[in-house]
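*Asks:* First the structure, which I've put down as structure tokens, then a few questions once you've had a look.
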Amino acid sequence: MEKLKKQKPSTARSDATAEKQTQLDNIFEQMGDFGRFQLRVFPLFCLCSTLASLQYASVPFVGYTPEHRCISPQNDMDGNQTSQIQHFFSDEHRNQSSACESVVNGSREKCHEWEFDRSVMEETYASEFNLVCDEASLVTLMAVIFLVGMAVGNVGIGLLSDRLGRRTALGCALLFLSASGLASTFSPNAVTAILFRFLIGASSSGAYITSFLFGMEVVGPKKRMFAGIIMHFFYAAGSCGASGIAYALRHWRYLQAAITAPALLLAVYTWTVPESIRWLLSRGRKEDAKLVAKGVAQQNGRHIKSYDIFDNLKVDAVPQKSKGILKELWKTPRLVFHMVLLSLIWGLVEATWFGISLNSGNIEGSIFVNYFLVGLIEFPANCVLFTINRYGRKIPFVLTMVLCGMLCLSTTFVELYTGEGNFKF
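Just add 784 to wherever you are in the sequence shown, counting from 1, and you've got our numbering.
In structure tokens form, the structure reads like this:
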């Protein structure tokens, strides 16, 4: 008894949480970890993962800056235009002239019109809105704004899913993505396009984080890790697929429409999926959770022995006038420390990955092949996740982080010893 009295509040909360988790896992084991119900709804979450990946993977293509030259009266082309275009975009001509200045009557003047090489992409933000020279920073700004939107979407829609439910948050995110993505194809200028990039980033990342959370909550404990890995494979498929779609369409408006349109169909399908049992129980809606559990068990051909487990389940329902999840989180200092540490590591990993993938167009060779290879490498990388049950989380995590750091540093030597111009990353 004395030991119980001296037990720290944080330890008591941890024990209570572990007991609730065990009770919830028992419910899912009776319903079926991965039966016909999961086979029906899980593809939705996988496709949401692919859709979010396509939005991110489109950034290097829509933001691609093609080779360009200044248009001036003295540069107007007559005769064989094809041969002259090849000359203007040749290394010899680029070394002799500036893409930002033109020579008029023997003096150099700033360019106001440009001719773009459309052999790689027929139309991008840079070529349509003339985002070169003094305006070139706007292309980078578009990518940054997109990433900022992703961060806002992760937090904002994540909190919305806790407040309104997984299904509602996911459906809204997909509808918002379809609306902002399709509307962006009608952008009349760069400022409007930048605004839509923020909205697309927020809605796509919100859809991804909510679909991943939803997917993990509908799967039983024995199949949860496997389901998470499968979703990562679908994300990698989106990275590879974006290269093929961009190669086929080669126009940023058509590309954006093609990778956004499926969001509307997924949004409709979302409303056929029942709400997460875990979320319903967290809100104290035990009767609703019973109905969903009964339906899941029937579809899986299973039978729940007794529904008294829902009544006996100790769930701290979130009050309607909650002062916030973060305030509750601060009551457990150890959990806060782990959350902050993992968040910093996650941010570092994301920044590294974004830097590599977004700069795939700066590496020598075809931008389509480069980005396809960047996405393709995710497949063997995801296979490492299958080792964590045998070796634990820490060893694979530390080894992959060290390997990543070493490989990133090695790119410096590649640039130094492969010759100038062969590697521009």
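The C-beta atom is built at its ideal place from N, Cα and C for all residues, glycine as well.
Is the CB-CB distance between Leu1125 and Ala1051 below 9 Å?
*Replies:* Within the sequence shown, numbered from 1, the residue matching residue 1125 stands at position 341. Within the sequence shown, numbered from 1, the residue matching residue 1051 stands at position 267. No. Outside cutoff.
*Asks:* According to DSSP, simplified to helix, strand and coil, what is Lys1178?
*Replies:* Locating residue 1178 in the sequence shown gives position 394, counting from the first residue. Helix.
*Asks:* Once you ignore the five residues that flank Leu931 on each side, which residues in its own chain have a CB closer than 8 Å to its CB?
*Replies:* Here residue 931 is taken as the residue at index 147 of the sequence shown, counted from 1. Around Leu931: Gly985, Phe1138.
*Asks:* For Leu1200, which three-state DSSP category applies?
*Replies:* Residue 1200 sits at position 416 when you count from the first residue of the sequence shown. Correct three-state label for Leu1200: helix.
*Asks:* Keeping to the same chain, check which residues put their C-beta closer than 6 Å to that of Gln1104; ignore five residues upstream and five downstream.
*Replies:* Start at 1 with the first residue of the sequence shown, and residue 1104 comes out as number 320. Low confidence applies to Gln1104: its pLDDT is 47, below 50, so where it sits in the model is not reliable enough to give any reading.
*Asks:* Only counting the same chain, and skipping five residues up and downstream in sequence, which positions put a Cβ closer than 8 Å to that of Asp862?
*Replies:* As a position in the sequence shown, residue 862 is number 78, starting the count at 1. Summary for Asp862: the model assigns pLDDT 46, below 50, so the residue's position carries little reliability; its value from the coordinates is reported in the next sentence. The answer is none, since no qualifying residue turns up.
*Asks:* Thinking C-beta only, is Ile1043 closer than 9 Å to Ala1032?
*Replies:* Residue numbering aside, residue 1032 sits at position 248 when the sequence shown is read from its first letter. Residue numbering aside, residue 1043 sits at position 259 when the sequence shown is read from its first letter. Against a cut-off of 9 Å, the Cβ pair of Ile1043 and Ala1032 comes out as no contact.
*Asks:* To which residues does DSSP link Phe900 through a beta bridge?
*Replies:* Here residue 900 refers to the residue found at position 116 of the sequence shown. Answer is His852, bridged to Phe900.
*Asks:* Have a look at Met905, Ala1047, Arg853 and flag the residue whose alpha-carbon is nearest the alpha-carbon of Asp894.
*Replies:* Counting from 1 along the sequence shown, the entry for residue 894 is found at position 110. According to the sequence as given, residue 894 is Lys; it is not Asp. Checked all of Met905, Ala1047, Arg853; the closest Cα to Lys894 is Arg853.
*Asks:* What residues in its chain sit with their C-beta under 8 Å from that of Val1158, if we drop five residues either side in the sequence?
*Replies:* Reading the sequence shown from its first residue, position 374 is the one you call residue 1158. For Val1158, where only same-chain residues beyond five positions count, the Cβ hits under 8 Å are Ser1023, Ile1140, Ser1141, Ser1144.
*Asks:* Lys894 bridges to which residues according to DSSP?
*Replies:* Here the question's residue 894 lines up with position 110 in the sequence shown. Note: Lys894 sits in a beta bridge opposite Glu885.
*Asks:* According to DSSP, His1035 sits in a beta bridge with which residue or residues?
*Replies:* By 1-based counting over the sequence shown, the position of residue 1035 is 251. Per DSSP, Glu907.
*Asks:* By how many angstroms is the C-alpha of Tyr840 removed from the C-alpha of Ala1021?
*Replies:* Within the sequence shown, the letter at position 237 stands for residue 1021. Within the sequence shown, the letter at position 56 stands for residue 840. One C-alpha to the other measures close to 12 Å.
*Asks:* So the alpha helix (DSSP H) Ala1045 belongs to, where does it begin and stop?
*Replies:* Here residue 1045 refers to the residue found at position 261 of the sequence shown. Ala1045 -> no alpha helix (DSSP H), and no H or E assigned at all.
*Asks:* Less than 7 Å between C-beta atoms, sequence neighbours within five positions excluded: which residues of the same chain meet that for Cys830?
*Replies:* As a working note, residue 830 is residue 46 in the sequence shown. Excluding positions up to five away in sequence, the list reads Ile1014, Met1015, Phe1018.
*Asks:* Which word fits Leu1064, buried or exposed, when buried means at least 16 other C-beta atoms lie within 10 angstroms of its C-beta?
*Replies:* Translated into positions along the sequence shown, residue 1064 becomes position 280. By the 10 Å Cβ count, Leu1064 comes out buried.
*Asks:* Compute the beta-carbon to beta-carbon distance between Arg820 and Gln1083, rounded to the nearest angstrom, for a pair I have assumed lies under 8 Å.
*Replies:* What you label residue 820 is simply residue 36 of the sequence shown in a count that begins at 1. What you label residue 1083 is simply residue 299 of the sequence shown in a count that begins at 1. Between Gln1083 and Arg820 the Cβ distance is about 5 Å, and since that is below 8 Å, they are a contact.
*Asks:* Got a sec, what are the start and stop residues for the alpha helix (DSSP H) Asp1072 sits in?
*Replies:* Sequence index remark: in the sequence shown, residue 1072 carries index 288 (1-based). Asp1072 -> alpha helix (DSSP H) spans 1070-1083.
*Asks:* Thinking just about the alpha-carbon of each residue, which of Tyr1201, Leu1169, Ile811 is nearest to the one in Gly1012?
*Replies:* In the sequence shown, the residue the question calls residue 1012 occupies position 228. Nearest option by C-alpha distance: Leu1169.
*Asks:* Taking Glu1059 as the reference, which of Val1076, Phe1152, Tyr1038 has the closest Cα?
*Replies:* Working through the sequence shown from its first residue, we reach residue 1059 at position 275. Among Val1076, Phe1152, Tyr1038, the Cα nearest to that of Glu1059 is on Val1076.
*Asks:* For Thr866, count neighbouring C-beta atoms within 10 Å of its own C-beta (all shown protein chains included) and say buried if the count is 16 or more, exposed if not.
*Replies:* In the sequence shown, residue 866 corresponds to position 82, counting from 1. Residue placement at Thr866 cannot be trusted, given a pLDDT of 49 that sits under 50; what the coordinates show is reported in the next sentence. The residue is exposed, with fewer than 16 neighbouring Cβ atoms inside 10 Å.
*Asks:* Taking the beta carbon of Pro1117 as the centre, do at least 16 other beta carbons fall within 10 Å, making it buried, or is it exposed?
*Replies:* On the sequence shown, position 333 is the one that residue 1117 refers to. Label assigned to Pro1117: exposed.
*Asks:* Taking 7 Å as the limit between beta carbons, can you name the residues of its chain near Met905, skipping five residues before and five after?
*Replies:* For the purposes of this step, residue 905 is identified with residue 121 of the sequence shown, where counting begins at 1. These residues qualify, in order along the chain: Phe845, Tyr848, Pro850, Arg1034.
*Asks:* When you compare the CB positions of Asp809 and Gly1004, do they come within less than 9 Å of one another, or not?
*Replies:* The residue labelled residue 809 in the question sits at position 25 within the sequence shown. The residue labelled residue 1004 in the question sits at position 220 within the sequence shown. For Asp809 and Gly1004, yes; Cβs fall inside 9 Å.
*Asks:* Along the chain, where does the alpha helix (DSSP H) that runs through Cys917 open and close?
*Replies:* Taking the sequence shown and counting its residues from 1, one reaches residue 917 at position 133. First-last for Cys917: undefined, no H or E at that position.
*Asks:* Apply the 10 Å Cβ neighbour rule to Met1190 and answer buried if 16 or more other Cβ atoms are within range, or exposed otherwise.
*Replies:* Here residue 1190 is taken as the residue at index 406 of the sequence shown, counted from 1. Under this definition Met1190 is an exposed residue.
*Asks:* Which same chain residues end up closer than 8 Å to Val916 when comparing Cβ atoms and leaving out the 5 residues on each side of it in sequence?
*Replies:* Taking the first residue of the sequence shown as 1, we reach residue 916 at position 132. Result list for Val916: Thr849, His852, Ala883, Cys884, Trp898, Ala910, in chain order.
*Asks:* In whole angstroms, what is the alpha-carbon distance linking Val843 and Phe970?
*Replies:* As a first step, residue 843 is located in the sequence shown; it is residue number 59 there, counting from the start. As a first step, residue 970 is located in the sequence shown; it is residue number 186 there, counting from the start. Going by the C-alpha atoms only, they are around 17 Å apart.
*Asks:* Rounded to the nearest angstrom, what separates Gln822 and Val1198 at their Cα positions?
*Replies:* Locating residue 822 in the sequence shown gives position 38, counting from the first residue. Locating residue 1198 in the sequence shown gives position 414, counting from the first residue. Near 47 Å, if we compare the C-alpha coordinates of Val1198 and Gln822.
*Asks:* Inspect the beta-carbon positions of Leu961 and Ala991 and report whether they are closer than 9 Å.
*Replies:* Sequence index remark: in the sequence shown, residue 961 carries index 177 (1-based). Sequence index remark: in the sequence shown, residue 991 carries index 207 (1-based). Contact flag set, yes.
*Asks:* Determine, using beta carbons only, whether Ile1061 and Val1002 come nearer to each other than 9 Å.
*Replies:* Residue mapping note: residue 1061 aligns to position 277 of the sequence shown, counting from 1. Residue mapping note: residue 1002 aligns to position 218 of the sequence shown, counting from 1. Yes; because the gap between Cβ atoms is below 9 Å, this pair is in contact.
*Asks:* Tell me the rounded alpha-carbon separation between Ser987 and Ala963.
*Replies:* For the purposes of this step, residue 987 is identified with residue 203 of the sequence shown, where counting begins at 1. For the purposes of this step, residue 963 is identified with residue 179 of the sequence shown, where counting begins at 1. Rounded to whole angstroms, Ser987 to Ala963 spans 10 Å at the Cα level.
*Asks:* Report all residues from its chain with a CB closer than 6 Å to the CB of Ser837; omit the five preceding and five following residues, and keep chain order.
*Replies:* By one-based count along the sequence shown, residue 837 stands at place 53. Excluding sequence neighbours, Ser837 sits near Tyr1019, Gly1022, Ser1023.
*Asks:* Grab me the residues of Glu912's own chain with a C-beta within less than 8 Å of its C-beta, minus the 5 sequence neighbours each way, in chain order.
*Replies:* Residue numbering aside, residue 912 sits at position 128 when the sequence shown is read from its first letter. These residues qualify, in order along the chain: Trp1036.
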